[in-house]
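Participant:
In the working numbering, the protein residues as written are -18 to 331.
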């Protein structure tokens, strides 16, 4: 097991960016750049032992600067959407950038996906790891408080990628961190034939602007019922209002409790390669996004054109727009407290 680093690029502002490669003795490799904490590649074996890259992305920094759809990135301060770009905290209204129609998306115009993080090797005897840190200053993108964020990526010998998120603040604020990797276990084509199970009996319905209405609704008898393994594309053409609003799946699922803090969030199986991805998390929700806004205008690694549904995301998180819905789990972080959550992506074959 080892970690290596190489020069990746220099940002337009003159900051050097590194690319780190984490590999284990099973042949799995994860590549991460400290620009945006982006996972640029995950190479895992199929049932025949052949390695393949199972995430979407770019080979150069220029691709992430100009053509990205948050491929592989760390998302913050607030993952997902905040309605009308505003929230109220202790009676004060905070205005955020409206970078998704009239809404705030993924931390704003210059979210955590667009900054250079400080990087440190944290490998131990049985794992390889990378620690990234960033100080988001008071008022950045409209958020209150100086927020110190730390994210660690740890690769184990069991083909697990463990992502741990930490944050502290000197002023009451809101925080919701996630990773936005697009997975395709076949390494090509679309994910429509991937078999998906989501460990949730409810979801948060959205309006036309993709903002939660505040309701928590059962998935039973809806196209959002993935309690049993189902092909992602099996009900994609259903005329259900929720699918029409999003152009597919772009919904937060309310995860069922698990053992102690961890919850099984999802399991995805790709029949032709035998690859399996299992997602576990301490978070209460997971946004399942089926790559609806990919439209064939972006070419990624190897010149592959990313068409609609070329990849899908499992954004473990607190619920979208939580600050504006008191019935949702709180995303408030106070001085003296620590935001701490973990998500594990485990790869295997069958």
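Ideal Cβ placement from N, Cα and C applies to all residues, glycine included.
Treat the numbers as computed from the prediction; the structure is a model and nothing was measured.
In whole angstroms, give me the CA-to-CA distance for residue 209 and residue 179.
Facilitator: 8 Å
Participant: Three-state secondary structure (DSSP) at residue 266?
Facilitator: strand
Participant: Determine, using beta carbons only, whether residue 87 and residue 281 come nearer to each other than 7 Å.
Facilitator: no
Participant: Tell me the residue span of the beta strand (DSSP E) that contains residue 298.
Facilitator: 293 to 298
Participant: Nearest to residue 114 by alpha carbon, out of 214, 248, 96 and 285?
Facilitator: Ranked by how close their Cα comes to the Cα of residue 114, the residues 214, 248, 96 and 285 have 96 in first place.
Participant: What did DSSP end up calling residue 140 once you bin it into helix, strand or coil?
Facilitator: coil
Participant: Cα-Cα, which of 160, 290, 184 and 85 is closest to residue 272?
Facilitator: 290
Participant: Could you pull the DSSP bridge partners for residue 231 from this structure?
Facilitator: 270
Participant: So what's residue 106 in DSSP terms, helix, strand or just coil?
Facilitator: coil
Participant: From this set, 228, 48 and 67, which residue's C-alpha is nearest residue 278's C-alpha?
Facilitator: 48
Participant: Residue 233 and residue 300: beta carbons closer than 7 Å?
Facilitator: yes
Participant: Please list, in chain order, all residues of the same chain as residue 250 whose beta carbon is under 6 Å from its beta carbon, the five residues on each side excluded.
Facilitator: Within the same chain, 176 and 257 come within 6 Å of residue 250 by CB-CB distance, once the 5 residues on both sides are set aside.
Participant: Taking 7 Å as the cut-off, decide whether the C-beta atoms of residue 231 and residue 204 are in contact.
Facilitator: no
Participant: Per DSSP, what are the beta-bridge partners of residue 226 in this structure?
Facilitator: DSSP lists no partner for residue 226.
Participant: Could you please give me the residues that DSSP links to residue 260 through a beta bridge?
Facilitator: 247 and 326
Participant: Examine the Cβ distances between the segment 49 to 62 and the segment 116 to 135 and report whether three or more of them are shorter than 8 Å.
Facilitator: With a cut-off of 8 Å, the segment 116 to 135 and the segment 49 to 62 count as touching, because enough Cβ pairs lie within range.
Participant: Count the other C-beta atoms from every protein chain shown that fall within 10 angstroms of the C-beta of residue 242, then say buried if there are 16 or more, exposed otherwise.
Facilitator: Around the beta-carbon of residue 242, fewer than 16 other beta-carbon atoms lie within 10 Å, marking it exposed.
Participant: Residue 105 and residue 1 look like a contact to me (Cβ under 8 Å); what is the Cβ gap, rounded to whole Å?
Facilitator: Not quite, the Cβ-Cβ distance comes to about 16 Å (not below 8 Å), so this is no contact.
Participant: Of all the options 3, 25, 6 and 42, which has the alpha carbon lying nearest to the alpha carbon of residue -5?
Facilitator: 42
Participant: Between which two residues does the beta strand (DSSP E) harbouring residue 24 extend?
Facilitator: 19 to 26
Participant: Per DSSP, which residues does residue 101 bridge with? Please list them.
Facilitator: 112
Participant: Work out the CA separation of residue 225 and residue 306 for me, nearest whole Å.
Facilitator: 23 Å
Participant: From which residue to which residue does the beta strand (DSSP E) around residue 126 run?
Facilitator: That residue, residue 126, is in no beta strand (DSSP E); it is neither H nor E in DSSP.
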